[in-house]
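**Q** Here's a structure for you.
In the numbering used here, the protein residues as written are 13 to 89.
Below, the structure written as structure tokens:
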């Protein structure tokens, strides 16, 4: 990459190659689309992502089960 940058001409004479204006933008290659959609968040996840997701789902399930059992127990009294 640095060899490519060094191949650009030094137009202003400061000793550093001048990068052309066309490289100041995205050139249509990098597209960011920030989203909280779970499908887009998990679609390219690794095993670590899936383990973390499983832990979160398990904790939510255990919390819901605990609240449900506690509510039933309090209702009987």
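The beta-carbon is built from N, C-alpha and C at its ideal position, and this holds for glycine as well. Everything numeric in this text was worked out from a predicted model, so none of it was measured.
Using beta-carbon positions only, say whether residue 18 and residue 29 come within less than 7 Å of one another.
**A** As a first step, residue 18 is located in the chain shown; it is residue number 6 there, counting from the start. As a first step, residue 29 is located in the chain shown; it is residue number 17 there, counting from the start. In contact: residue 18 and residue 29 (Cβ atoms closer than 7 Å).
**Q** Quick one: what does DSSP say residue 44 is sitting in, helix, strand or coil?
**A** In the chain shown, the residue the question calls residue 44 occupies position 32. Coil, per DSSP.
**Q** Please classify residue 32: does DSSP put it in a helix, a strand, or coil?
**A** Looking up residue 32 in the chain shown gives position 20. Three-state DSSP puts residue 32 in coil, outside helix and strand.
**Q** So, with DSSP's three-state summary, where would you put residue 61?
**A** Walking along the chain shown from the start, residue 61 turns up at place 49. Three-state result, residue 61: helix.
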